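Q: Residue numbers are given in full-length UniProt numbering: position 105 of the sequence shown equals residue 105, and the series is strictly consecutive.
Think of the CB as a built atom: it goes at the ideal place given N, C-alpha and C, for glycine as much as any other residue.
Note that the structure is a prediction, hence the values are computed from the model and not measured.
Mind looking over this structure? Questions follow.
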Amino acid sequence: MAGRWRNDLNWSDVTPEHVYLNRRAVMAGAGALALAGAAGAARADDMEPNSWDEITRYCNFYEFGTRKEDPWHNAGQMTTDPWVVEIDGLVDRPGRYDLGDILAGVSIEERIYRLRCVEAWSMVVPWQGFELADLLTRVGVQPSAKYVAFQTLYRPEEMPGQRGRVLDWPYVEGLRLDEAMHPLTILATGLYDRPLPNQNGAPIRLVVPWKYGFKSIKSIVRITLTADQPPTSWNIAAPNEYGFYANVNPQVDHPRWSQATERRIGGGFMSPRVPTRMFNGYDAEVAGLYAGMDLAKFF
Ligand SMILES: Nc1nc2c(c(=O)[nH]1)N[C@H]1C(S)=C(S)[C@@H](COP(=O)(O)O)O[C@H]1N2
Ligand SMILES: [Mo]
1 MAGRWRNDLN WSDVTPEHVY LNRRAVMAGA GALALAGAAG AARADDMEPN SWDEITRYCN
61 FYEFGTRKED PWHNAGQMTT DPWVVEIDGL VDRPGRYDLG DILAGVSIEE RIYRLRCVEA
121 WSMVVPWQGF ELADLLTRVG VQPSAKYVAF QTLYRPEEMP GQRGRVLDWP YVEGLRLDEA
181 MHPLTILATG LYDRPLPNQN GAPIRLVVPW KYGFKSIKSI VRITLTADQP PTSWNIAAPN
241 EYGFYANVNP QVDHPRWSQA TERRIGGGFM SPRVPTRMFN GYDAEVAGLY AGMDLAKFF
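Written out as structure tokens, the structure is:
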């Protein structure tokens, strides 16, 4: 991997906007304020994080219901302590790892990423987490491994949505190994410098910012290194609508709607529609992973 990916900004650089700028002005004087203001304005359209309320109340987590506010209402019932992640398959050190042991071996950093749902809405989220590659390297990926499979908690007594059949439970997802090892791919444990709320996938969830949101599987209990492409929940549910790759691509429409634009959550009752960007704007970092691939075929 060519070096660690560096964040292009910290969330404190852009939000809470006026609070932060005022603090900076007091500390560093008017010159710093002008600079920060100019940089902030240039980014404002694109990388201004959504509010805590937007990110934690407008969620997709079908284990708690299919309406956007259901997870906010229902996810409090999920027990997240103790939490064990089973890591198995083609690894040198398989085992049932306590979350505390996993976190003891990594350094948590901040990543502000765009999140683009396949339903054509989007947000900007200030995550805290660590690179999935760090964990995979620690457990030792064997040369025969080509994919990484992930599984969400299955606990219908705490997850009312799992008592219905809207998806095959547990929710499963997967990445090609090179996607999993890419420095943009993180396991998130926090949001706005607070522990990850249950509805956003506590205590540990995947974030793959150049793919549609459904790839970013929540509340992970198992990670399996495999030789073959693993099954994935939305692909099982509707294979003609949701592919394994699910790279954000404004040129490949969903069979039932356009993917050319997206509704950026927030901004009052008229959420602005903005153009969707190739690989969700991370093309410089990830386009090389798909060189020569037909992205309409491998959607
Ligand atoms: N286990 C699980 N993970 C999931 C989902 C889900 O229903 N169950 N929804 C996905 C979808 S469609 C999206 S858009 C993102 C939403 O993440 P957020 O609610 O934290 O914004 O989570 C993804 N991860
Ligand atoms: Mo989504």
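Indicate whether residue 177 and residue 204 have their beta-carbon atoms separated by less than 8 Å.
A: No, Cβ-Cβ distance for residue 177 and residue 204 is not below 8 Å.
Q: Let me make sure I understand the geometry here. Which of 197, 241, 163 has the alpha-carbon closest to that of residue 257?
A: Closest by alpha carbon: 241.
Q: Within 10 angstroms of its Cβ, does residue 149 collect 16 or more other Cβ (buried), or is it exposed?
A: Counting Cβ neighbours within 10 Å, residue 149 comes out buried, since at least 16 surround it.
Q: Using the rule of at least 16 other Cβ atoms within 10 Å of the residue's Cβ for burial, across every protein chain shown, is residue 70 buried or exposed?
A: Residue 70 should be labelled buried.
Q: Whole-angstrom Cβ separation of residue 238 and residue 183, contact assumed at under 8 Å?
A: Between residue 183 and residue 238 the Cβ distance is about 31 Å, and since that is not below 8 Å, they are no contact.
Q: Note down the Cα distance separating residue 47 from residue 289, rounded to an integer number of angstroms.
A: When rounded, the distance between both Cα atoms is 24 Å.
Q: Could you pull the start and end residues of the beta strand (DSSP E) that residue 126 belongs to?
A: Counting along the chain, the beta strand (DSSP E) containing residue 126 begins and ends at 121-131.
Q: Are the CB atoms of residue 56 and residue 199 within a distance shorter than 8 Å?
A: Yes, the Cβ-Cβ distance between residue 199 and residue 56 is below 8 Å.
Q: Does the beta-carbon distance from residue 246 to residue 212 come in below 8 Å?
A: In this structure, residue 212 lies closer than 8 Å to residue 246 by Cβ.
Q: Just checking, does the stretch 275-287 make contact with the stretch 101-121 on the three C-beta pairs under 8 Å criterion?
A: With a cut-off of 8 Å, the stretch 101-121 and the stretch 275-287 count as touching, because enough Cβ pairs lie within range.
Q: Counting only the same chain and skipping the five closest in sequence on each side, list residues whose C-beta sits under 7 Å from that of residue 87.
A: These residues qualify, in order along the chain: 94, 95, 97, 139, 223.
Q: Hey, would you say residue 207 sits closer than 8 Å to residue 266, going by beta carbons?
A: Against a cut-off of 8 Å, the Cβ pair of residue 266 and residue 207 comes out as no contact.
Q: What I want to know is whether the C-beta of residue 240 ends up closer than 7 Å to one or more non-hydrogen atoms of ligand 2.
A: False, no ligand heavy atom lies under 7 Å from that Cβ.
Q: Rounded to the nearest angstrom, what separates residue 100 and residue 153 at their Cα positions?
A: Residue 100 and residue 153: Cα-Cα distance of roughly 17 Å.
Q: Which runs of the beta strand (DSSP E) fall wholly inside the stretch 253-298 and span at least 3 residues, in chain order?
A: Listed in chain order, they are 261-264, 273-275.
Q: How many angstroms separate the CA atom of residue 135 from the CA atom of residue 227?
A: If I take the Cα positions, the gap works out to 19 Å.
Q: Looking at the structure shown, is residue 69 part of a helix, part of a strand, or coil, going by DSSP?
A: Residue 69: coil per DSSP, three-state reduction.
Q: Does the beta-carbon of residue 170 have 16 or more other beta-carbons within 10 angstroms, so that it is buried, or is it exposed?
A: Classification for residue 170: buried.
Q: Excluding sequence positions up to five away, which residues of its chain have a Cβ less than 8 Å from the Cβ of residue 108?
A: Same-chain partners within the cutoff: 128, 129, 130, 189, 190.
Q: State yes or no: is the C-beta of residue 103 within less than 8 Å of the C-beta of residue 141?
A: No, the Cβ-Cβ distance between residue 103 and residue 141 is not below 8 Å.
Q: Just checking my contact of residue 151 with residue 172 at CB under 8 Å: how many whole Å lie between their CB atoms?
A: Between residue 172 and residue 151 the Cβ distance is about 5 Å, and since that is below 8 Å, they are a contact.
Q: Determine the contact status of residue 231 and residue 147, defining contact as a CB-CB distance below 8 Å.
A: No, the Cβ-Cβ distance between residue 231 and residue 147 is not below 8 Å.
Q: Compare the C-alpha of residue 78 against each of 159, 124, 218, 221 and name the closest.
A: It is 159 whose Cα lies nearest to the Cα of residue 78.
Q: So, helix, strand or coil for residue 244, using DSSP?
A: Three-state DSSP puts residue 244 in coil, outside helix and strand.
Q: Would you say the beta carbon of residue 173 comes nearer than 7 Å to a heavy atom of ligand 2?
A: No, ligand 2 has no heavy atom inside 7 Å of this Cβ.
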